[in-house]
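Going from the sequence shown to the numbering used here is simple: count from 1 and add 3.
The C-beta atom is built at its ideal place from N, Cα and C for all residues, glycine as well.
Each remark here refers to the structure printed beneath this line.
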Amino acid sequence: MAGHSKWANIQHRKSRQDDKRGKAWTRVIREIMVAARQGGGDAGANPRLRLAIDKAKAVNLPADTIKRNIDKATGALEGVTYEEIRYEGYGVGGAAIIVDCVTDNRVRTVAEVRHAFSKHGGNLGSDGSVAFQFRHCGQFVFAPGTDEDRVMEAALDAGADDVLTGDDGSLEVLCAPADFEAVRTALEASGLKAELAEVTMRAENTVALAGDDAERMQKLLDALEDLDDVQAVHHNAELDA
């Protein structure tokens, strides 16, 4: 059950996301529309939409805006049609990067992603070039000091695959994407609040970067995350803060 610590990187990522709060509404709206279009507008029967709505509420997106965009996605109102695209590439030091986008213009998006990679020392790769280095899973991260026994009992009983303990005492729960809702419900019912709860692409192995390499990699990640069509950037770099 031992595991590599995620805490410092999680906190660093959250603080950078907070600095970009203005973009959060655009991202959650697009996620809501894609989820509703693919799985229907009933959040009770569509786990992905339910998670998207939770994210929208966390950034204070108004309820009427949530409903309006669900209606657009399901055809009740006229609206833009978005599609999901995933790009894969390499960053500084050969670090693997996955860029998940939601766009209404595929040509624009690939041009912007390719430009960000090339400008900051990376390379856009082909489909499948780095995806094998990641695991598609549900992930919950708990702060150091959280009761490990309680987390393990609730998570494993609900179908989680593993509970990893970081060197600093943080805890990471991993599960299959299909089990995400069940595990989250069980954890919350046990009074356990995760600092991070998402379905993500988790790196199986990491590449350590420090000094100038870490700074260059962070600039590349920032450039990708700042693109309007980018929903999420996954990578396997461990950056020396």
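Contacts around residue i, its chain only, beta-carbon distance under 7 Å, and the 5 residues preceding and following it disregarded
{"i": "M155", "result": "V166"}
{"i": "L224", "result": "V236 and H238"}
{"i": "V83", "result": "D107"}
{"i": "L127", "result": "Y90, G92, V116, R117 and F120"}
{"i": "G97", "result": "V210"}
Cut-off 6 Å between Cβ atoms - residues of its own chain near residue i, not counting five sequence neighbours on either side
{"i": "C130", "result": "According to the sequence displayed, residue 130 carries Asp and not Cys. Closer than 6 Å at the Cβ level, and outside the excluded window around D130, lies no residue."}
{"i": "K26", "result": "none"}
{"i": "A161", "result": "A185, V186 and A189"}
{"i": "E198", "result": "V144 and A146"}
{"i": "A163", "result": "V176, C178 and V186"}
Pairwise C-alpha distance: residue j and residue i
{"i": "D171", "j": "F143", "result": "16 Å"}
{"i": "G214", "j": "V95", "result": "12 Å"}
{"i": "V105", "j": "A59", "result": "16 Å"}
{"i": "L227", "j": "R30", "result": "14 Å"}
{"i": "T168", "j": "A181", "result": "23 Å"}
{"i": "V113", "j": "E207", "result": "26 Å"}
{"i": "T203", "j": "N49", "result": "17 Å"}
{"i": "R205", "j": "R33", "result": "22 Å"}
{"i": "A61", "j": "A46", "result": "16 Å"}
{"i": "L242", "j": "I100", "result": "14 Å"}
{"i": "G141", "j": "S193", "result": "18 Å"}
{"i": "D216", "j": "L64", "result": "37 Å"}
{"i": "E218", "j": "V133", "result": "22 Å"}
{"i": "R53", "j": "K122", "result": "37 Å"}
{"i": "E87", "j": "K222", "result": "24 Å"}
{"i": "F183", "j": "G124", "result": "36 Å"}
{"i": "E201", "j": "H139", "result": "11 Å"}
{"i": "A55", "j": "I69", "result": "10 Å"}
{"i": "W28", "j": "R51", "result": "17 Å"}
Cβ-based burial, residue i [other Cβ within 10 Å; buried from 16]
{"i": "V110", "result": "exposed"}
{"i": "G44", "result": "buried"}
{"i": "R229", "result": "Correcting the residue identity first, residue 229 is Asp in this sequence and not Arg. By the 10 Å Cβ count, D229 comes out exposed."}
{"i": "F137", "result": "buried"}
{"i": "G92", "result": "buried"}
{"i": "Y152", "result": "Sequence inspection shows Asp at residue 152; the Tyr mentioned does not correspond to that position. Burial call: exposed."}
{"i": "F135", "result": "exposed"}
{"i": "D232", "result": "buried"}
{"i": "D67", "result": "exposed"}
Assumed close pair residue i, residue j - CB separation to whole angstroms, cut-off 8 Å
{"i": "L195", "j": "T149", "result": "7 Å"}
{"i": "Q234", "j": "D57", "result": "Rounded, the Cβ-Cβ distance is 15 Å, inconsistent with contact."}
Close Cβ partners of residue i (< 8 Å) along its chain, the five nearest in sequence each way excluded
{"i": "A158", "result": "F143, V166, V176, C178, V186, A189 and L190"}
{"i": "N72", "result": "I32, I35, M36, A39 and G82"}
{"i": "L212", "result": "V95, G96, A98, M220, A240, E241, L242 and D243"}
Residue-chain proximity (residue i, chain D), Cβ-Cβ < 8 Å
{"i": "V202", "result": "No chain D is part of this structure, which consists of one protein chain only."}
Exercise for the section: Evaluate the contact criterion for the region 32–48 versus the region 77–92: three or more CB pairs, one atom per stretch, below 8 Å. Expected result: Verdict: yes, contact present.
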